[in-house]
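K.L.:
Before I ask anything, here is the structure I am working with.
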Amino acid sequence: MAARLGAPALLLLLLTTPVAAAAVAGDEAPEKVAVALYYESLCPYSARFVVDHFARVFEDGLLDAVDLTLVPYGNARVHAGGEISCQHGPYECLLNTVEACAIDAWPDLDVHFRFIYCVEDLVVKRQYKSWDSCFQKLGLDPKPVTECYKNEKGHKLELKYANQTDALVPPHRYVPWVVVDGQPLLEDYENFEAYICKAYKGTSPPKVCEGLVHPPMALETVSARNGVTYNSGGIKLATAEDEGRDSKIKMRLPDYDN
């Protein structure tokens, strides 16, 4: 199996590789596997997943096999008047909206994922208040995103993502919440490649699928080994900056949240 790129190498790849033109689909092109990531911008586990793991979707032809959707909303709440409150505070609401606006402004996955990756990398580094530096790093015009998040359009996009998140069946219990081919991966989300390969119906699977062990049939049997931020019912949690980069972040949650 090919060696995996580490986070610094992935960042360099995403920041420097030119956006590729879409491949010409054959007459019998297999249906892509639907993959969705439901997350919130200041969740330490979501940020680390995007930076350290999920960027691998751009390796070894995997992207050609998936239809990828990013949903930056997570465990936020919509109140009666339409106001949104976020689990890690107002700055998370800002960055959720910024990332929603980036998806809207640049529908090309290669473009908006690079921007989101850049922002989440700053979250991991506890430098997320410098998120707007990502425009210059990537050579992107900030105007469409700035106009979006500062106006009603950004709020409407977040309400759309709220509806998508609330419509999940089964309901999401925490973030990051990864769904592959309609199946939530629960705490096994870092193993997303194996689930994509299992769901792929084409005759020429992506190179990354070579040698991957098939995931278990019943996800409930998978040992919980990856961190998550539970839906806290409105309780404010610590941000990545508050908690630092220790892999065993202690979340400020009541004992009954499980």
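Residue numbers for the sequence shown, in mature numbering (1 follows the signal peptide of the UniProt record, and there is no 0): -21 to -1, 1 to 237. Heads up, the beta-carbon is just placed ideally off N, CA and C, and yes, glycines get one too.
According to the neighbour-count rule (16 or more other Cβ atoms, all chains shown, within 10 Å of its Cβ), is H58 buried or exposed?
P.N.:
Exposed, because fewer than 16 other Cβ atoms sit within 10 Å of the Cβ of H58.
K.L.:
Pull up the distance between the alpha-carbon of A84 and that of L165, whole angstroms please.
P.N.:
C-alpha separation (whole angstroms): 30 angstroms.
K.L.:
Three-state secondary structure (DSSP) at Y52?
P.N.:
Note: Y52 maps to coil in three-state DSSP.
K.L.:
Spatial neighbours of V98 within its chain, please: C-beta separation below 6 angstroms, excluding the five flanking residues on both sides.
P.N.:
Contacts found: W110 and C113.
K.L.:
Apart from the five residues on each side of it in sequence, which residues of its chain come closer than 6 angstroms, Cβ to Cβ, to K186?
P.N.:
If we look at K186 and ignore the five residues flanking it on each side, its Cβ neighbours are D39 and G40.
K.L.:
Do the region 80 to 96 and the region 176 to 193 touch if we need at least three Cβ pairs shorter than 8 angstroms?
P.N.:
The region 80 to 96 vs the region 176 to 193: no contact.
K.L.:
To the nearest angstrom, how far is it from the Cα of H193 to the Cα of F28?
P.N.:
So the alpha carbons of these two residues sit roughly 21 angstroms apart.
K.L.:
Determine whether the beta carbon atoms of E137 and A79 lie at a separation below 8 angstroms.
P.N.:
Against a cut-off of 8 angstroms, the Cβ pair of A79 and E137 comes out as a contact.
K.L.:
Taking 8 angstroms as the cut-off, does the region 8 to 23 touch the region 157 to 164 (at least 3 CB pairs, one atom from each stretch)?
P.N.:
Yes, the region 157 to 164 touches the region 8 to 23.
K.L.:
Going straight from the alpha carbon of T76 to that of V124, what length do you get?
P.N.:
One C-alpha to the other measures close to 9 angstroms.
K.L.:
As a quick exercise: from H32, S25 and I63, pick the residue whose alpha carbon is nearest that of A141.
P.N.:
Of H32, S25 and I63, the residue nearest in Cα terms is I63.
K.L.:
Does P23 come out as helix, strand or coil in the three-state DSSP assignment?
P.N.:
Helix at P23.
K.L.:
Given that a residue counts as buried once 16 or more other Cβ atoms are within 10 Å of its Cβ, and exposed if not, what is A146?
P.N.:
Result: exposed.
K.L.:
Tell me whether residue 250 is buried or exposed, calling it buried when 16 or more other Cβ atoms sit within 10 Å of its Cβ.
P.N.:
Nothing about residue 250 can be reported from this structure: the residues present for the chain run from -21 to 237 only.
K.L.:
Going by Cα to Cα distance, which pick from Q143, G206 and Y174 is closest to T48?
P.N.:
The option with the nearest alpha carbon to T48 is Q143.
K.L.:
Nearest to E19 by CA position, among G60, V45, C72 and P9, is which residue?
P.N.:
Considering only alpha carbons, the answer is C72.
K.L.:
Shortest alpha-carbon distance to K139 belongs to which of G61, C22 and E189?
P.N.:
It is G61 whose Cα lies nearest to the Cα of K139.
K.L.:
What three-state label does DSSP hand L47 in the structure shown?
P.N.:
Correct three-state label for L47: strand.
K.L.:
Which residues does DSSP pair with R15 in a beta bridge?
P.N.:
In the sequence under discussion, the amino acid at residue 15 is Ala, which differs from the Arg named in the question. Its beta-bridge partners are T48 and V158.
K.L.:
Pick from R35, P51, V50 and Y52: whose alpha carbon is nearest that of A44?
P.N.:
Residue R35 is the option with its Cα nearest to A44.
K.L.:
How many angstroms separate the CA atom of C188 from the CA atom of C176?
P.N.:
In a straight line, the C-alpha of C188 is about 6 angstroms away from that of C176.
K.L.:
Please report the straight-line C-alpha distance between N170 and L42, rounded to a whole angstrom.
P.N.:
Going from the Cα of N170 to the Cα of L42 covers about 16 angstroms.
K.L.:
Pick helix, strand or coil for P185, following the three-state DSSP scheme.
P.N.:
Correct three-state label for P185: coil.
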